[in-house]
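Read left to right, the sequence shown gives residues 1 to 139 (the UniProt record's numbering). Even for Gly, the Cβ is constructed at its ideal location relative to N, Cα and C. All values reported here derive from a predicted model rather than from experimental measurement. Data block below; observations after.
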Amino acid sequence: MLGNLLEYFRPGTEITRDEAFMYAGGLVALIGVSAILINQYIMCAFHYGMKVRAACCALIYRKSLRLSKTALGETASGKIVNLLSNDVSRFDIVSIFIHQMWIAPASAIIVMYFLYKEAQLAGIVGVVVVFLVTPLQCK
Numbered sequence: 001m002l003g004n005l006l007e008y009f010r011p012g013t014e015i016t017r018d019e020a021f022m023y024a025g026g027l028v029a030l031i032g033v034s035a036i037l038i039n040q041y042i043m044c045a046f047h048y049g050m051k052v053r054a055a056c057c058a059l060i061y062r063k064s065l066r067l068s069k070t071a072l073g074e075t076a077s078g079k080i081v082n083l084l085s086n087d088v089s090r091f092d093i094v095s096i097f098i099h100q101m102w103i104a105p106a107s108a109i110i111v112m113y114f115l116y117k118e119a120q121l122a123g124i125v126g127v128v129v130v131f132l133v134t135p136l137q138c139k
């Protein structure tokens, strides 16, 4: 769709102005639907992460109540509070981004295929440069 819209701007094209407007409207509609679907995914994933966090908090609390006096003396109260406040909150974030572990490589392969199809070796060289520079950006 984007390719057809860009084709309209080439000299000597057979695409009419009305067709270009239809392609532009289609792109706007697809972007709107994408925004709605992504929002719904994030809301559902965050809700699931809150459920997992609540379950883990309940497990930690139940376990802390069953600790013996000896174990309570050896365990700092700050450690339990840290588990309940900081560590368990990671489930909210993980629930949203966990699918990126398989989506990102699949997307990269698909993009590399289309780059190779359109730009041959130059597209692959660009992707290799991106992958080589990425470790330099990490701390």
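For tyrosine 23, count the other beta carbons within 10 Å of its own beta carbon; 16 or more makes it buried, fewer makes it exposed. Which is it? Along the sequence shown, read from residue 1 onward, the residue named residue 23 stands at position 23. Tyrosine 23 should be labelled buried.
Beta carbon of isoleucine 96, beta carbon of glycine 126: below 8 Å? Against the sequence shown, residue 96 aligns to sequence position 96. Against the sequence shown, residue 126 aligns to sequence position 126. Their beta carbons are not under 8 Å apart, which means isoleucine 96 does not touch glycine 126 by this criterion.
What are the boundary residues of the alpha helix (DSSP H) that serine 95 is part of? Locating residue 95 in the sequence shown gives position 95, counting from the first residue. From DSSP, the alpha helix (DSSP H) with serine 95 extends over 90–97.
What is the DSSP secondary structure of methionine 1, counted as helix, strand or coil? Walking along the sequence shown from the start, residue 1 turns up at place 1. Looking at methionine 1 - three-state DSSP - the assignment turns out to be coil, as it is neither helix nor strand.
Looking at C-beta atoms only, is the number of pairs between the region 80–91 and the region 44–63 that lie closer than 8 Å three or more? Short answer: they touch.
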